[in-house]
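For what it's worth, this note's numbering labels the leading residue of the sequence shown as 502, then goes sequentially. For reference, the structure discussed in these notes is given below.
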Amino acid sequence: MKRGMLIILSGPSGVGKGTVREELFKDDSLNLSYSISMTTRKPRPTETDGVDYFFVDEKSFVDKIAQGGLLEWARFVGNYYGTPKDNVDRLLDEGKNVVLEIEVQGALQVMKKCPDALTIFLVPPSLEELERRIRGRRTESEDIVKERLDKARKEIQTKDEYKYVVENDDVHLAKDKIAKIIKEHQK
Ligand SMILES: Nc1nc2c(ncn2[C@@H]2O[C@H](COP(=O)(O)OP(=O)(O)O)[C@@H](O)[C@H]2O)c(=O)[nH]1
Ligand SMILES: Nc1ncnc2c1ncn2[C@@H]1O[C@H](COP(=O)(O)OP(=O)(O)O)[C@@H](O)[C@H]1O
């Protein structure tokens, strides 16, 4: 069976990665599978362990790093986030196109290890709109919103490291643009 493609979907917090990803996953022709990350962040009320993330304590996370069990990992605004390696390998072997929805430091690690990965960076129409989206989601405290916006400005400066930069103005348009990119790479 043909091995699947590794797809990195990156971009600042609040740009709409999760929202666009949901649209992409409605399209069966893309043959996508989601890599569930591990994090030490506390779950939000809408999130489920083992679905959105594997929520763990800091010791379990650090142990996982020590075992070499993560494809990449990073610290982001006070918490650890990482991609469990075994699952990604298994899904790729099954021929799935595996989506990693990860931040910039982790994406740069994966680019080094897997230069063939399809790398996509989502940008907001403007920083003002990004701020509206983060605040509109109402999941973070004021301090954390500020830190995430600060981080976003720096992250956006790395966009040229990615093979594709896609603006998330309208969710459906962004989905269509990404679907087209994935299909072009399947050929
Ligand atoms: N490096 C890395 N980043 C991750 C991973 N999982 C999630 N992230 C990123 O960590 C950042 C914070 O995630 P989260 O707290 O869920 O906030 P949200 O993405 O704004 O909803 C986002 O940019 C995520 O894409 C991972 O496994 N590795
Ligand atoms: N194209 C868009 N236009 C307007 N609002 C959007 C768009 N994409 C996402 N949003 C909204 O922005 C907020 C952040 O989106 P989310 O998918 O959680 O971002 P991320 O996963 O990148 O942190 C959510 O409230 C979402 O509904």
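No residue lacks a Cβ here, since even glycine has one placed at the ideal position from N, Cα and C. Nothing here was measured: the structure is a model prediction, and the numbers come from that model.
The Cβ atoms of S511 and V605 sit closer than 8 angstroms to each other. Bridge partners of N588 according to DSSP: none are assigned. Between G515 and R639, the C-beta spacing is not below 8 angstroms. Listed in chain order, the non-local C-beta contacts of K664 below 8 angstroms within the same chain comprise L619, T620, I621, local neighbours out to five positions each way being set aside. G583 is bridged by DSSP to M539, W574.
Boundaries of the beta strand (DSSP E) harbouring L510: 507-511, taken from the DSSP string.
Here the alpha carbon of P585 sits roughly 15 angstroms from the alpha carbon of R576.
Here the region 627-647 does not lie against the region 595-610, with fewer than 3 beta-carbon pairs under 8 angstroms apart. Shown here, S534 sits in a strand according to DSSP, grouped into three states. The alpha-carbon of K565 is positioned some 7 angstroms away from that of L571.
Bridge partners of L674 according to DSSP: none are assigned. In terms of Cβ geometry, V552 and L623 do not form a close pair [threshold 8 angstroms].
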